[in-house]
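To start, the structure under review is shown below, and the notes come after it.
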Amino acid sequence: MVSLFSLVKVCLVDGTSTILKDITVEIPDRGISVIVGPSGSGKSTMLRTLNALERPTSGSISFRGERFESLDVRQLRRRVGMVFQRPTVFDGTSGENLLVADPTLDRAGLITALERVGLPPELLDRDARQLSGGEAQRLCLARTLVTEPEVILMDEPTSALDAESMHLIEHLAQEIAESGVRILWVTHDRAQVKRLATWIGRIEGGVLVDSGPASAVGHAHGDDGMWRTVDSAEGTEG
Amino acid sequence: MNSDIGFYGMAGSALLVLVAIGISVWQGLGLERPLVVASLRAAAQLLAVGSLLSILLDKDTPLVFAFGWLVIMLVFAVWTARNRASEVPGIVPLALVSFGAATIVSLGLLFGLGVYPLNATTLIPLGGMVMGNSISATVLVARRVIDEFTDKRDEVEARLALGQSGREAARPYLRSAIRTALIPQIETTKAVGIVFLPGAMVGLILGGVDPIDAVRVQAAVMYMILGSVATTTTVIALGLGRQLITSDLRLLRLSRAR
Chain E
4 MVSLFSLVKV CLVDGTSTIL KDITVEIPDR GISVIVGPSG SGKSTMLRTL
54 NALERPTSGS ISFRGERFES LDVRQLRRRV GMVFQRPTVF DGTSGENLLV
104 ADPTLDRAGL ITALERVGLP PELLDRDARQ LSGGEAQRLC LARTLVTEPE
154 VILMDEPTSA LDAESMHLIE HLAQEIAESG VRILWVTHDR AQVKRLATWI
204 GRIEGGVLVD SGPASAVGHA HGDDGMWRTV DSAEGTEG
Chain F
97 MNSDIGFYGM AGSALLVLVA IGISVWQGLG LERPLVVASL RAAAQLLAVG
147 SLLSILLDKD TPLVFAFGWL VIMLVFAVWT ARNRASEVPG IVPLALVSFG
197 AATIVSLGLL FGLGVYPLNA TTLIPLGGMV MGNSISATVL VARRVIDEFT
247 DKRDEVEARL ALGQSGREAA RPYLRSAIRT ALIPQIETTK AVGIVFLPGA
297 MVGLILGGVD PIDAVRVQAA VMYMILGSVA TTTTVIALGL GRQLITSDLR
347 LLRLSRAR
């Protein structure tokens with residue numbers, strides 16, 4: 004079976020610091036895959052390379068068997084959507100935010116897009132900057148979904164939200180995964196990994212130290228060993 | 097009023113520099129030496145330029161020398177912009193293109209429409225005004241663009257991540273930077289005549305020209321400056337926007353403008 008993403012010896016050097024070191028991994032084409040690691044481990048950078056917002060210094064990346072170099076970057080980004088750590092809304096109403104992703108949407112399409120993430124239609128004409136953090140992040144997810152991506156990269160999407168909003172976003176991610184859109188989620192939250200992951204990649208100091216099905220990765224290291232470094236990063240970004 | 101104040105008059109006006117020096121001494125500002133140097137340097141520069149201009153503006157001097165002077169002013173303007181906004185990537189080619197475009201558009205229209213006759217007496221001062229105002233506008237808009245792309249980095253990347261082109265992703269932030277850079281010029285244009293009397297008009301009135309004639313000249317100059325500043329800011333902003341987003345649609349890492 005072709006992997007969702009295939010990374011071969013991916014390195015990323017920024018000035019004098021090496022952010023990613025020789026990462027080779029096959030991320031499976033199913034469910035919710037989670038990249039986990041402490042602050043500054045390179046997990047967010049790795050995610051950004053998969054949306055081509057960062058370019059590896061060396062190595063190669065393939066998406067569903069197609070090398071990145073052979074793909075048009077704009078087409079790739081429509082297929083590989085991304086939701087960022089902080090809710091990133093644009094000036095204008097919620098509806099105008101959705102139209103940035105798809106200017107052809109009519110009002111019915113906009114309402115459907117909001118409802119898909121559990122937002123009420125009356126938010127359509129609301130200034131997006133007036134939304135709560137949880138609502139804004141769901142709007143960002145809706146905005147990404149209207150591009151009809153095959154996979155959504157989620158870069159610690161709940162770290163800036165309260166518990167209730169976090170569970171809402173997690174629930175949405177699970178629904179989206181069940182609908183056939185793959186999710187690749189980055190976090191440092193141990194409990195979140197347990198709740199979401201069908202596959203885990205563990206990254207430390209820019210090196211992928213372990214990867215595999217969630218159950219297998221947990222067993223191989225014992226629960227404590229698996230989480231020691233991850234716990235040390237609670238409350239910080241990667 | 098006699099417009100020729102003579103060297104005696106010029107020296108007399110320098111007494112006002114002594115006032116500034118007196119304030120510096122009184123308040124312990126330590127600016128006496130810079131004040132003296134700046135005043136002497138200004139006098140020397142103006143005398144040198146005046147001597148050169150008296151040759152260039154001579155009826156017998158071919159117009160090509162005036163164009164040559166325009167090129168020298170262009171180079172100096174680019175050099176000044178580079179020094180004032182060295183943190184802006186590619187500032188030299190950007191300033192060169194924008195100043196060139198502003199000069200061609202503004203002077204081309206004024207001379208093309210016959211607002212002013214094309215000769216050294218009109219070409220040099222008008223060209224100087226276009227470039228002088230373009231320097232400030234260039235520095236302002238370039239810094240605004242850098243600030244916008246730094247402050248709104250998340251937004252620009254979110255737009256790129258949605259599959260927008262570089263131009264589409266940059267447009268809202270370039271528009272904001274251009275607006276910010278143009279507003280002071282619009283405000284200055286609105287306040288002219290009420291809050292302050294601009295330099296060209298003051299110079300003409302002091303030179304004994306009828307105020308209504310001076311106003312006509314000033315209006316043409318103001319419109320020229322407005323047009324050239326708009327041209328400069330737009331060329332700089334669009335050019336910078338293209339540089340900050342790579343050909344493979346990534347936003348460059350930026351250090352904030354000082």
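Protein sequences, first through last, are from chains E and F.
With the numbering used here, letter number 114 in the first sequence gets 117, and the count goes up by one each step, no holes.
With the numbering used here, letter number 249 in the second sequence gets 345, and the count goes up by one each step, no holes.
Glycine is no exception: its CB is placed at the ideal position from the N, C-alpha and C atoms.
Contact belief for residue i with residue j at Cβ below 8 Å, rounded distance in angstroms
{"i": "E/ALA200", "j": "E/ALA217", "result": "4 Å"}
{"i": "F/SER135", "j": "F/ALA173", "result": "The Cβ separation is near 23 Å, so there is no contact."}
{"i": "E/VAL11", "j": "E/GLY45", "result": "Contact flag wrong, Cβ pair sits at about 17 Å."}
{"i": "E/LEU56", "j": "F/GLU264", "result": "Going by Cβ atoms, the distance from E/LEU56 to F/GLU264 rounds to 16 Å, so no, they are not a contact pair."}
{"i": "E/ALA163", "j": "E/ARG89", "result": "5 Å"}
{"i": "E/ARG77", "j": "F/GLY196", "result": "With 8 Å as the limit, E/ARG77 and F/GLY196 do not qualify as a contact, their Cβ atoms being about 33 Å apart."}
{"i": "E/LEU211", "j": "E/ILE26", "result": "5 Å"}
{"i": "F/LEU350", "j": "F/THR234", "result": "Incorrect: roughly 18 Å between the Cβ atoms, too far for contact."}
{"i": "F/LEU278", "j": "F/VAL325", "result": "7 Å"}
{"i": "E/VAL52", "j": "E/LEU79", "result": "Val is not the amino acid found at residue 52 of chain E; the sequence shown has Thr there. That belief does not hold up - the Cβ atoms of E/THR52 and E/LEU79 are roughly 12 Å apart, past 8 Å."}
{"i": "F/ALA162", "j": "F/ALA216", "result": "4 Å"}
{"i": "F/VAL288", "j": "F/MET318", "result": "6 Å"}
Under 7 Å from the C-beta of residue i: neighbouring residues of chain E
{"i": "F/ALA254", "result": "PHE87, THR91"}
Contact with chain F by residue i, beta-carbon distance below 9 Å
{"i": "E/ARG80", "result": "yes"}
{"i": "E/VAL103", "result": "yes"}
{"i": "E/GLY136", "result": "no"}
{"i": "E/ARG112", "result": "A quick correction: the sequence has Gly, not Arg, at residue 112 of chain E. Output row for E/GLY112: interface = no."}
{"i": "E/CYS143", "result": "yes"}
{"i": "E/GLY84", "result": "yes"}
{"i": "E/ASP226", "result": "In this prediction, E/ASP226 has a pLDDT of 49, which is less than 50 and means its spatial position is unreliable; what the coordinates show is noted afterwards. No, no contact with chain F."}
{"i": "E/GLU240", "result": "The pLDDT assigned to E/GLU240 is 42, lower than 50, so where the model puts this residue is not dependable, and the model offers no usable value."}
{"i": "E/THR232", "result": "Residue placement at E/THR232 is poorly supported in this model, since its pLDDT is 46, which falls under 50; the coordinates are not used for a value here."}
{"i": "E/VAL13", "result": "no"}
Residues that residue i contacts on chain F, provided the C-beta gap is smaller than 8 Å
{"i": "E/ARG146", "result": "LEU258"}
{"i": "E/THR150", "result": "LEU258, GLY259"}
Beta-carbon neighbours of residue i, restricted to chain E and to distances below 8 Å
{"i": "F/PRO268", "result": "PHE93, ASP94"}
Closer than 9 Å to chain E by CB, residue i
{"i": "F/ASP306", "result": "no"}
{"i": "F/ASP247", "result": "no"}
{"i": "F/ASN98", "result": "Residue placement at F/ASN98 is poorly supported in this model, since its pLDDT is 49, which falls under 50; the coordinates are not used for a value here."}
Proximity below 9 Å, CB of residue i to CB of residue j
{"i": "E/GLY34", "j": "E/ARG185", "result": "yes"}
{"i": "F/ALA257", "j": "E/PHE87", "result": "yes"}
{"i": "E/LEU148", "j": "E/GLU138", "result": "no"}
{"i": "E/ILE179", "j": "E/ILE155", "result": "yes"}
{"i": "F/GLU251", "j": "F/ALA273", "result": "no"}
{"i": "E/VAL92", "j": "E/ARG119", "result": "no"}
{"i": "F/GLY323", "j": "F/VAL201", "result": "yes"}
{"i": "F/PRO363", "j": "F/GLN339", "result": "Here chain F has residues from 97 to 354 only, and residue 363 of chain F is not among them."}
{"i": "F/ALA238", "j": "F/LEU336", "result": "yes"}
{"i": "E/THR70", "j": "E/ALA104", "result": "First, the amino acid is wrong: residue 70 of chain E is Arg here, not Thr. Not a contact, by the Cβ cut-off of 9 Å."}
{"i": "E/ARG205", "j": "E/GLY40", "result": "yes"}
{"i": "E/ILE38", "j": "E/LEU50", "result": "yes"}
{"i": "F/GLU283", "j": "F/ILE242", "result": "no"}
{"i": "E/LEU102", "j": "E/LEU122", "result": "no"}
{"i": "E/VAL28", "j": "E/SER214", "result": "yes"}
{"i": "F/ALA198", "j": "F/THR327", "result": "yes"}
{"i": "E/SER135", "j": "E/SER168", "result": "yes"}
Within chain F, the residues that residue i reaches when beta carbons sit closer than 9 Å
{"i": "E/VAL120", "result": "Simply none; closest approach about 16 Å."}
Chain E contact residues for residue i, given Cβ-Cβ distances below 9 Å
{"i": "F/GLU251", "result": "THR91, VAL92, PHE93, ASP94"}
{"i": "F/LEU345", "result": "ALA55, LEU56, VAL76, ARG77, ARG80"}
- In chain order, which beta strand (DSSP E) runs of at least 3 residues are fully inside the stretch 165–252 of chain F? none
- Query: If you scan the stretch 111–160 of chain F from start to end, which runs of the alpha helix (DSSP H) of 4 or more residues do you find wholly inside it?
  - Reply: 111–123, 128–152
- Message: Report the start-end ranges of each beta strand (DSSP E) in the stretch 60–113 of chain E that is 3 residues or longer and not cut off at the edges.
- Response: 61–66, 83–86
- Which ranges would you report for the alpha helix (DSSP H) in the stretch 136–191 of chain E if only whole runs of at least 4 residues count? 136–148, 166–181
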